[in-house]
Every structure is written in structure tokens, then in C-alpha cells.
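Following: one structure in C-alpha cells, then a few remarks.
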Amino acid sequence: MIRTALVVACLLCLSSLLAPLDAQTVNPQAGALFKKALDAAAAQDWTGSVENLRQASQIDQGVWGLPDNGSLDRIVGGLKAKVDGTNGDVGLGKNLAWMYFVKGMQKEALTEYRRLAALAPTDPEVKTNIRTLEAWSSATTSSSGSGRSSGGSDAGTSDPPPSSRPSQAAGGEEAGALKESIKKKDEEIASLQQEKEDLQKKIADLEKEQKELSLYKTQFLMKGGSGTSRPCPAPAAEQPARRYGCGN
Numbered sequence: 007m008i009r010t011a012l013v014v015a016c017l018l019c020l021s022s023l024l025a026p027l028d029a030q031t032v033n034p035q036a037g038a039l040f041k042k043a044l045d046a047a048a049a050q051d052w053t054g055s056v057e058n059l060r061q062a063s064q065i066d067q068g069v070w071g072l073p074d075n076g077s078l079d080r081i082v083g084g085l086k087a088k089v090d091g092t093n094g095d096v097g098l099g100k101n102l103a104w105m106y107f108v109k110g111m112q113k114e115a116l117t118e119y120r121r122l123a124a125l126a127p128t129d130p131e132v133k134t135n136i137r138t139l140e141a142w143s144s145a146t147t148s149s150s151g152s153g154r155s156s157g158g159s160d161a162g163t164s165d166p167p168p169s170s171r172p173s174q175a176a177g178g179e180e181a182g183a184l185k186e187s188i189k190k191k192d193e194e195i196a197s198l199q200q201e202k203e204d205l206q207k208k209i210a211d212l213e214k215e216q217k218e219l220s221l222y223k224t225q226f227l228m229k230g231g232s233g234t235s236r237p238c239p240a241p242a243a244e245q246p247a248r249r250y251g252c253g254n
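In our numbering, the protein residues as written are 7 to 254.
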């Protein structure tokens, strides 16, 4: 619950901070990649478009505030047509789901990622973005219910404005990083637990050996093998055995 709340908080914070940008305020390299993505879309190279968009957004999330003249919608449409024609292509499906994701189409993105989960259940991008979208959906539903119960209209039911859409991709990446960090910590804890169990076993073995040595020492002493007791000498003819304290 805490991790889910953290992911949602990250998404909401980013949504409030991001605002539409122009070409002068965007990293030049990111802007060039964004333009390259639009050119690829014009050539109907949908996969190339998404690859350039991914690179651009990793450099500067501000690219999502740049005008695209409808190219992003064309990329979505082109990918959708390809995915429908090749239902088992996970790569195309991931690109389509990611485009839904960054355009603020949460329901469509979640539906596509869930479809991909059946084809690639261990894919980290698919798993991470499903969790992120489910967290976002839960927060939106909760906000909607709260708005209606307090006399509001449909607060929280609509998709976020375009300026907030990049935050969803950023939130997905941040959620993935958080989950990876948690996974590593869990692995470290498991390793330490195993070391603890190994040490406890060694201690138990040493204690067992100590007990066995102690028992052996006791038996040895009882048999007079320590050298501290003197065996009775054979009685001489002129000296009765009781003189040595050994006879009756």
C-alpha cells in the first residue's frame, strides 16, 4: 500500500509541475529526436517513431509539450493497425501501449499491457506499467468518488490534460526503479538470512562436538586414565595389602 501511494504521489506531483513548452525551452538533442520521430511518422515508420520518442523523453520530458501536428495520433493509429494484423508481436504491442500511456489514454494502455502480460508474463516493462496504471486508476476512482460524495461533478473521471501526460511515462520509469531497488533489498535480506542460518548450524555443530568431547573426558577420568590417581601396588609378602589402603 505504501509503495502504491508513493507511485501515485510521484505521478500527481509530476502532473502538476509539467506545462506546455516550446522548442526554445527543450533540450536541443531531445528536440531533434522528437522531430526525427515526427519525420518517421510521416514515412509511416511507426517503430522508428516510437524509438526516437523514447530516447527524446529520456533526455527531456519537455518534448511532450512540443506541437506534433497530429503525428502522435497517427503513430497510435498506425501501430494499432499493425498490432491488429499481428496479434502475437510483443514489441509492437509494447510500443502501442507505451504510446497510449504517454498520451494519457490510461484505459487503453492498461488493456493493451494486460493483453501483453498473457504473451510475455515476465517482461519488466509490461509488469511495471501495469502496476503503475492500476495505481493511477485506483487513485482516479477514489478521487472521483470523493468529488461526487462532496457535491462535486465528475472530478477525477476525465483523462489528465496533455501537459500532464508525460508524467505517466516518468512515473512508470520511477516506479520501475523503486521496485528494482526493493527487489535488490529483498535479495540482500534473503542472503543475510541464509548466512545467519548457516552460522547457526555451525554453532550447533560446534556445541554438539563440545558436548561429545566433554562426555569423552568424563568417561576417561572415571577410568583413571588421567594420571592423577595411583594404582594399588601388588602387596609384598612382608607387607599386608591393607597397608596400602587397597586390601580388606
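We treat Cβ as the ideally placed atom computed from N, Cα and C, and that holds for glycine. Note that the structure is predicted; figures quoted are calculated from it, not measured.
- The beta carbon of residue 62 lies closer than 6 Å to those of 36, 39, 40 and 69 in the same chain, with the five residues before and after it left out.
- Residue 195 sits exposed, since fewer than 16 C-beta atoms from the chains shown fall within 10 Å of its C-beta.
- Between the alpha carbons of residue 52 and residue 121 lies a gap of roughly 20 Å.
- Excluding the 5 residues flanking it on each side, residue 56 has same chain C-beta neighbours closer than 6 Å at 101, in chain order.
- Per DSSP, reduced to three states, the secondary structure at residue 100 is helical.
- In terms of Cα proximity to residue 79, the closest of 92, 104, 197 and 93 is 104.
- Residue environment: residue 66 is assigned as buried (16 or more neighbouring CB atoms within 10 Å of its CB, all protein chains considered).
- Taking 8 Å as the cut-off, the Cβ atoms of residue 58 and residue 48 do not count as close.
- The residue among 123, 198 and 113 with its C-alpha nearest the C-alpha of residue 142 is 113.
- Ranking 145, 109 and 96 by CA distance to the CA of residue 128 puts 96 first.
- Taking all protein chains shown into account, residue 226 has fewer than 16 neighbouring C-beta atoms within 10 Å of its C-beta and is therefore exposed.
- In the DSSP assignment, residue 70 falls outside any alpha helix (DSSP H) and carries neither an H nor an E.
- Put simply, of 191, 46 and 206 the residue whose alpha carbon is nearest the alpha carbon of residue 85 is 46.
- In this structure, residue 89 sits near residue 99, with a CB-CB distance shorter than 8 Å.
- Between residue 82 and residue 106 a beta carbon distance of about 7 Å is seen, short of the 8 Å cut, so the two are scored as contacting.
- Taking every protein chain shown into account, the CB of residue 93 has fewer than 16 other CB atoms within 10 angstroms, so this residue is exposed.
- When 50, 197, 116 and 212 are compared, the shortest CA-CA separation from residue 87 is found for 50.
- Taking 4 residues as the minimum length, the alpha helix (DSSP H) runs contained wholly in the segment 25-56 are 34-48, in order along the chain.
- Taken atom to atom, the span from the alpha-carbon of residue 126 to that of residue 140 is near 18 Å.
- Non-local C-beta neighbours of residue 116 in its own chain, meaning closer than 6 Å and more than five positions away in sequence, comprise 139, ordered along the chain.
- Residue 109 and residue 188 have their C-alpha atoms some 29 Å from each other.
- For residue 94, no alpha helix (DSSP H) run applies, since DSSP gives it neither H nor E.
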